[in-house]
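J.: Just so we're aligned: the sequence shown equals residues 2 to 126 in this note's numbering.
Sending over a structure as structure tokens; questions will come in a sec.
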Amino acid sequence: MKTTRNTTSKSVILDLITQSEVALSHAEIQILTNGICDRVTIYRVLERLVNEDLIHKAVNLDGTIKYASCSHSSEHHSHNHVHFCCEKCKSVTCLDNVEPIFTLPKNYKVKEVNFTLTGLCPNCI
Ligand SMILES: [Zn+2]
Ligand SMILES: [Zn+2]
Numbered sequence: 002m003k004t005t006r007n008t009t010s011k012s013v014i015l016d017l018i019t020q021s022e023v024a025l026s027h028a029e030i031q032i033l034t035n036g037i038c039d040r041v042t043i044y045r046v047l048e049r050l051v052n053e054d055l056i057h058k059a060v061n062l063d064g065t066i067k068y069a070s071c072s073h074s075s076e077h078h079s080h081n082h083v084h085f086c087c088e089k090c091k092s093v094t095c096l097d098n099v100e101p102i103f104t105l106p107k108n109y110k111v112k113e114v115n116f117t118l119t120g121l122c123p124n125c126i
């Protein structure tokens with residue numbers, strides 16, 4: 002991995018996302034970094050982490066983009082897992098072990114799966 006000026010903010014942000022049980026939005030990350038990183042830096046770092054496949058995006062019910070860490074349990078990890086959106090606390094959780102199952106008509110090739118379930122999370126039931 003090459004070192005850049007943004008290494009510190011990058012590791013801080015990646016740590017926050019990795020340690021969080023739920024996916025985090027840009028605004029939440031900004032609050033959690035206590036002003037260490039400005040808006041633009043956070044945007045840049047998030048884009049880079051997504052490009053490097055260290056985190057992925059999930060969208061909550063409001064349309065807010067949330068970021069979650071990718072579990073690298075295998076060499077060829079996939080993002081084909083289910084996301085759970087809570088109606089009450091608006092949290093987004095990665096259900097890494099739940100894979101959506103679907104059957105496509107002929108001649109369709111899936112590149113990305115965005116599968117979101119909505120309801121109440123364990124904290125809100
Ligand atoms: Zn909830
Ligand atoms: Zn996820």
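All C-beta atoms, glycine included, are put in the ideal place defined by N, C-alpha and C.
Report all residues for which the CB-ligand distance to some heavy atom of ligand 1 is below 7 Å; order them along the chain.
T.: C87, K89, C90, S92, L121, C122, N124, C125
J.: Restricting to Cα atoms, I'd like to know which of F103, S70, S21 is closest to E53.
T.: On the sequence shown, position 52 is the one that residue 53 refers to. Residue S70 is the option with its Cα nearest to E53.
J.: Just checking my contact of H27 with I37 at CB under 8 Å: how many whole Å lie between their CB atoms?
T.: The count along the sequence shown starts at 1 and reaches residue 27 at position 26. The count along the sequence shown starts at 1 and reaches residue 37 at position 36. With a Cβ gap of about 14 Å, H27 and I37 do not count as contacting.
J.: Along the chain, where does the beta strand (DSSP E) that runs through V83 open and close?
T.: Taking the sequence shown and counting its residues from 1, the one referred to as residue 83 is at position 82. Taken as a continuous stretch (DSSP letters only), the beta strand (DSSP E) holding V83 covers 83–87.
J.: Does the beta-carbon of F103 have 16 or more other beta-carbons within 10 angstroms, so that it is buried, or is it exposed?
T.: Along the sequence shown, read from residue 1 onward, the residue named residue 103 stands at position 102. It is exposed - the Cβ of F103 has fewer than 16 other Cβ atoms within 10 Å.
J.: Run through DSSP, which three-state label would T19 get?
T.: One-based indexing of the sequence shown puts residue 19 at position 18. Helix at T19.
J.: Where does K58 fall in DSSP's three states?
T.: Numbered from its first residue, the sequence shown carries residue 58 at position 57. Strand, per DSSP.
J.: Count the other CB atoms within 10 Å of the CB of T15; is the residue buried (16 or more) or exposed (fewer)?
T.: Residue mapping note: residue 15 aligns to position 14 of the sequence shown, counting from 1. Here the sequence assigns Leu to residue 15, which means Thr is not the residue at that position. With 16 or more other Cβ atoms within 10 Å, it is buried.
J.: Could you name the residues of the same chain whose beta carbon sits closer than 6 Å to that of K110, not counting the 5 residues immediately before and after it, in chain order?
T.: The residue given as residue 110 occupies position 109 in the sequence shown. Around K110: no qualifying Cβ.
J.: When DSSP labels each residue in this structure, what does L47 get in the three-state scheme?
T.: One-based indexing of the sequence shown puts residue 47 at position 46. Note: L47 maps to helix in three-state DSSP.
J.: With L121 and C87 assumed to form a contact (beta carbons below 8 Å), what rounded beta-carbon distance in angstroms separates them?
T.: Mapped onto the sequence shown, residue 121 falls at position 120. Mapped onto the sequence shown, residue 87 falls at position 86. At roughly 6 Å, the Cβ-Cβ gap stays under 8 Å, so L121 and C87 are in contact.
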